[in-house]
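In the order they appear, the protein sequences are chains F and W. The first sequence begins at 1 in the working numbering and counts up one residue at a time. The second sequence begins at 578 in the working numbering and counts up one residue at a time. Idealized CB from N, CA, C, for every residue including glycine. Down below is the structure, laid out as C-alpha cells.
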Amino acid sequence: MSAVLDVTPNKQLSILIVQLGEIEEVFRSLMAVKAVKQLYPEMRFHFIVRTQNSAPLYRVDWIESILEIPHLKVDDSLKTIAHWVDMALLQNYDILANWTFSKRYTRMSSIVTTLIPASVKFGNYLQNDMNIASFDAWSIYREAWLRDLAIDQDIHHTDIITTQLLTALQIHAGEPQADSKASAVSSRNFFKVPNAQLLPNTIAKWIAVHPDSLDLRFEEVIEMILRRHPDYGVVLLNESPMIDSGEVFSNNPRIVNLSGKLNFDSLVSVLSNCSWLIAGRAPISELANLLNVRTIYWIESQPQITGEATYKWSETGPYGNGNIAIRFREEFQPEVIYAVWSYYQSEWFHQNNTTLEKHFENLSLLSLSQGTEIFRSKIRNPQEGGGVSFEPVIDHLTTFEGWMFRLRGQIARAWFCGWVPSIEDEVAKFQLNPNLIKRAREIRDSLRVIEQLCVGGKATSKELGSAVASVKNQKIMSVEDRDMIEAHGKKLQEYENLLSRVVSVEPELKCFYVWYQHLMHNLNGDTLGKMAKETYQAFDLVSEGTELINAYVTKILSRALPKPVNTPDQVKPIIQQ
Amino acid sequence: MVIDIQLLQGKIIEDLEQHPKNFTQLMEELALEILSDEDLAIASSTVNDHQDRGYA
Numbered sequence: 001m002s003a004v005l006d007v008t009p010n011k012q013l014s015i016l017i018v019q020l021g022e023i024e025e026v027f028r029s030l031m032a033v034k035a036v037k038q039l040y041p042e043m044r045f046h047f048i049v050r051t052q053n054s055a056p057l058y059r060v061d062w063i064e065s066i067l068e069i070p071h072l073k074v075d076d077s078l079k080t081i082a083h084w085v086d087m088a089l090l091q092n093y094d095i096l097a098n099w100t101f102s103k104r105y106t107r108m109s110s111i112v113t114t115l116i117p118a119s120v121k122f123g124n125y126l127q128n129d130m131n132i133a134s135f136d137a138w139s140i141y142r143e144a145w146l147r148d149l150a151i152d153q154d155i156h157h158t159d160i161i162t163t164q165l166l167t168a169l170q171i172h173a174g175e176p177q178a179d180s181k182a183s184a185v186s187s188r189n190f191f192k193v194p195n196a197q198l199l200p201n202t203i204a205k206w207i208a209v210h211p212d213s214l215d216l217r218f219e220e221v222i223e224m225i226l227r228r229h230p231d232y233g234v235v236l237l238n239e240s241p242m243i244d245s246g247e248v249f250s251n252n253p254r255i256v257n258l259s260g261k262l263n264f265d266s267l268v269s270v271l272s273n274c275s276w277l278i279a280g281r282a283p284i285s286e287l288a289n290l291l292n293v294r295t296i297y298w299i300e301s302q303p304q305i306t307g308e309a310t311y312k313w314s315e316t317g318p319y320g321n322g323n324i325a326i327r328f329r330e331e332f333q334p335e336v337i338y339a340v341w342s343y344y345q346s347e348w349f350h351q352n353n354t355t356l357e358k359h360f361e362n363l364s365l366l367s368l369s370q371g372t373e374i375f376r377s378k379i380r381n382p383q384e385g386g387g388v389s390f391e392p393v394i395d396h397l398t399t400f401e402g403w404m405f406r407l408r409g410q411i412a413r414a415w416f417c418g419w420v421p422s423i424e425d426e427v428a429k430f431q432l433n434p435n436l437i438k439r440a441r442e443i444r445d446s447l448r449v450i451e452q453l454c455v456g457g458k459a460t461s462k463e464l465g466s467a468v469a470s471v472k473n474q475k476i477m478s479v480e481d482r483d484m485i486e487a488h489g490k491k492l493q494e495y496e497n498l499l500s501r502v503v504s505v506e507p508e509l510k511c512f513y514v515w516y517q518h519l520m521h522n523l524n525g526d527t528l529g530k531m532a533k534e535t536y537q538a539f540d541l542v543s544e545g546t547e548l549i550n551a552y553v554t555k556i557l558s559r560a561l562p563k564p565v566n567t568p569d570q571v572k573p574i575i576q577q
Numbered sequence: 578m579v580i581d582i583q584l585l586q587g588k589i590i591e592d593l594e595q596h597p598k599n600f601t602q603l604m605e606e607l608a609l610e611i612l613s614d615e616d617l618a619i620a621s622s623t624v625n626d627h628q629d630r631g632y633a
C-alpha cells in the first residue's frame, strides 16, 4: 500500500482530534497534542468536541479550529447534521485521530470518524455492518487491555495517544526537526486567560484542595498544613458550591472557598497560582497536570467509573514529573497525606538527605506508612521506554500481580516499539519472596501451553495462506479446496478455544487471549490470504509476549536458586604469623 | 516481533471525494446518537454538565 502523504520535512499537516468524551479526556488530549506540538511545531491542530467541553480549547491559541457537535431539533435533525458534515468537509484534514474512550460516546465518535474525510485515520470507526472496529494497533490495544478491568498495565492513556500520533507523524511527515524542542509550549501559560486575582496576596503560597474527590477527613489534612506551615494558604475548588463545615473553615483568612464560583478562565487563573493540588480522581487533577501544578493524588481502592468509561488509576493518574499518588490498604489517613506533602514540598531544602521513612519516623507516623503505598511519577527518558511511570517510594515486597502489571507494559513496548529493558536490571529491582517464586514456577506450565498453541496457530495460518494461494479464484473453487480451507479455519478456531481455556486457569495471562480476539475482530485484509497472514502475525505477537514472560521467569528462578556455601575443606586455614 | 507497520500507520483513505457507502445511514445514526445524548442530559441534568462545574 502506498502512503498518500508525502514525507517532506517541515510539512504542515492538518490534524483533527475527535474527542467527544468527558472533560478529563479533553484535558488528556490537550496534554498529548502539547507534547506533539513541541516536537512538530509546524503541525496545525483542530478539534471536534461536545459543546459543554469546548471552553478549554478556545483558550489555547495554537488550536486552529474547534467544531462542536451540533444541537439538534427532532424536526430538522438530518438537515442540521448534513450542514455540519459539510462544514467539516471543507477543512481537508490530513490526519484524523479519534481519541474518545468514554463508552457512552464511543459510537457517536466512531460515526463522526467514519463520516468526516481525512487522508489518514486513527481510532475507532463504524464498519459497513455498523459494528465498531479500530483502524490502528494502539486503538486496538486500548480496547483490548485498557477497557478490560481484569487487565492491569502500566502505560498511561496520555502516552498511548501521544505515541500513536507521534508514530503517525514519523511515518507520514518524517522525524521531527532537531531544533523543534526550542519552540516553547509552556505549561503555566498553556491557557490564555486573564488573571482573576481571587487569591489575597498576603499569603505567599497556595494549595488547592478538591474536597469532592477526597475522603471526608480532608479537613484534618488542611488543619495540619495550616497549623505547621504559616506561609501557606488553602483554596477549596469543588465544582459545586460547598457549605462551610464549621470549625476548620469559619472565618479563617487562610482558607478561601471558591467552590462553585468559578468559570473555566478563573479556575485556570487560580489553579496556576497554586503550588500544589490535593485531589482524588477528578478532572481538576488532569487540569493541574496540564498547568504543571504538582499533585498529591489519592487513589481510591476501586477503579472509578466516569461517563461509562472505567479507569484504572495507573492509566489515568497524575501525569508529569514529581506528582505523588497514595493508596491506603485500609481507610484514608489524613496524617499520611500531610506527611507525604510536607516531605515533598520541602524537597529543595532537604535535597533527599532524609528519606520519606525517616520523615514519617520524625512525625511518629512510621506505623501508618506501612499500611500505605506511595508512588512518585516520573517521565522516563526514551532510552528507558519513555512516558510516565509511577515508582514506589517505599519498598514493599514484589507481588506477582504487581510484577505482571509492569510486565504487560513491557510486552506492549516490545510489540509497539521493539524495545525491552534489560531483564537482568529489572529483576534486580525485585524483592524476591516465596510467593512470587511459587507463582513464577506455576505460570511456566500455562506459558508452555500457550507457546505450543502459537506454534500450531502459526503453522495452520501458513497452511491456510498456501491453500488459498493455490486456488485460482476464491469464489469458484473445487469442493476439495473448499473443504481444506474450511478445515484450516476450524483448526484456527480450536486454537482460539484452547487459548481461552488456558487463560481461564491462569487469569493473569488473560491479556493474550483478549489481545488475540481483538486482533481477529479487526482483521482488515480483503482476501483470505491477507487474513491468514494477519492471523499468523497475531499468533506471533502472542508468542513474543509469552517468550518475554518466560525470560523473566527463568531469571527470577535462577536468582532464587540456593547458592553453594563454602564447605570446610574449601576454607583455607588461617596461617598464624 | 514489532507490530506490522500497516497497523501503526493508520487507515490510508485513497479517495477523499468518495462518501462512505452508507453515508445517509451514518448521518441518521449520528442524529439519533446526538438526540439520545441530549435526552439523557436532560434526564440527569447534574451528570456531565460542565457548564455548572467550572469547566465552561
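Sequence-distant residues of the same chain with beta carbon closer than 7 Å to residue i, five excluded per side
| i | result |
| --- | --- |
| F596/F | Beyond the ends of chain F as shown, which are 1 and 577, falls residue 596/F; an answer cannot be given. |
| F539/F | C454, G457, K458 and S461 |
| Q595/W | none |
| A144/F | V514, W515 and H518 |
Neighbourhood of residue i by C-beta distance below 6 Å, restricted to the same chain and skipping five residues each side
| i | result |
| --- | --- |
| P283/F | I23 and E24 |
| T295/F | L277, S285, A288, P318 and N323 |
| G307/F | Caution is warranted here: a pLDDT of 48 is assigned to G307/F, below 50, making its placement in the model unreliable, and the coordinate value is therefore given only provisionally. Once the five neighbours on either side are set aside, the close Cβ partners of G307/F are E22, S102 and R104. |
| A279/F | H210, S213 and S285 |
| F328/F | T372 |
| S2/F | Its pLDDT being 44, under 50, S2/F is placed unreliably by the model, and the measurement read from it follows with that caveat. Excluding positions up to five away in sequence, the list is empty. |
Proximity below 9 Å, CB of residue i to CB of residue j
| i | j | result |
| --- | --- | --- |
| N238/F | S259/F | yes |
| W276/F | I207/F | yes |
| N289/F | F27/F | yes |
| L89/F | I48/F | no |
| A173/F | D265/F | no |
| I485/F | V468/F | yes |
| I374/F | L356/F | yes |
| I326/F | I299/F | yes |
| E615/W | L72/F | yes |
| L146/F | V33/F | no |
| L557/F | A440/F | yes |
| V74/F | F190/F | no |
Residue i - partner residues in DSSP beta bridges
| i | result |
| --- | --- |
| W206/F | G233/F |
| P392/F | F375/F |
| I15/F | F45/F and I95/F |
| A538/F | None, per the DSSP bridge assignment. |
| K588/W | K121/F |
| E68/F | V49/F |
| W84/F | BP columns for W84/F are empty, so no partner. |
| I155/F | Paired residue(s): none; I155/F is not in a bridge. |
Within chain F, the residues that residue i reaches when beta carbons sit closer than 8 Å
| i | result |
| --- | --- |
| A620/W | What A620/W touches in chain F: nothing, since even the nearest Cβ is about 13 Å away. |
| D616/W | What D616/W touches in chain F: nothing, since even the nearest Cβ is about 10 Å away. |
Neighbouring residues, chain F, relative to residue i (Cβ below 7 Å)
| i | result |
| --- | --- |
| D581/W | Q537 |
Listed by chain order, chain W residues near residue i by CB distance under 9 Å
| i | result |
| --- | --- |
| N128/F | P597, K598 and N599 |
| A35/F | Those within 9 Å of A35/F in chain W number zero; the least Cβ separation is about 18 Å. |
| V505/F | In chain order: nothing, as chain W lies at least about 26 Å away. |
Span of the alpha helix (DSSP H) around residue i
| i | result |
| --- | --- |
| N292/F | No alpha helix (DSSP H) contains N292/F, which DSSP labels as neither H nor E. |
| R227/F | F218 to R228 |
| E335/F | P334 to Q345 |
| V120/F | Where V120/F is concerned, there is no enclosing alpha helix (DSSP H), although the beta strand (DSSP E) it sits in stretches over A118 to F122. |
| L366/F | L366 to S369 |
| A32/F | I23 to L39 |
| W145/F | Here W145/F belongs to no alpha helix (DSSP H), and DSSP marks it neither H nor E. |
| L464/F | P434 to S470 |
| L57/F | A55 to Y58 |
| A279/F | Here A279/F belongs to no alpha helix (DSSP H); instead the beta strand (DSSP E) covers W276 to A279. |
| T114/F | T106 to L115 |
Start-to-end residues for the beta strand (DSSP E) that takes in residue i
| i | result |
| --- | --- |
| A325/F | I324 to F328 |
| V256/F | I255 to N257 |
| A133/F | I132 to S134 |
Proximal chain W residues relative to residue i, where beta-carbon distance stays under 8 Å
| i | result |
| --- | --- |
| W415/F | M578, V579 and I580 |
| D136/F | L584, L585, Q586, G587 and K588 |
| S119/F | I589, I590 and L593 |
| P56/F | Y632 |
Neighbour list for residue i in chain W, Cβ cutoff strictly below 7 Å
| i | result |
| --- | --- |
| R107/F | E610 |
| G418/F | V579 |
Chain-order list of residues whose beta-carbon lies under 8 Å from that of residue i (same chain, five-residue window excluded)
| i | result |
| --- | --- |
| A414/F | V420, E544, G545 and L548 |
Residue i beta carbon near the ligand HEM (any heavy atom closer than 8 Å)
| i | result |
| --- | --- |
| R380/F | Of the ligands one can find in the structure shown there are none, so the ligand HEM has no counterpart to examine. |
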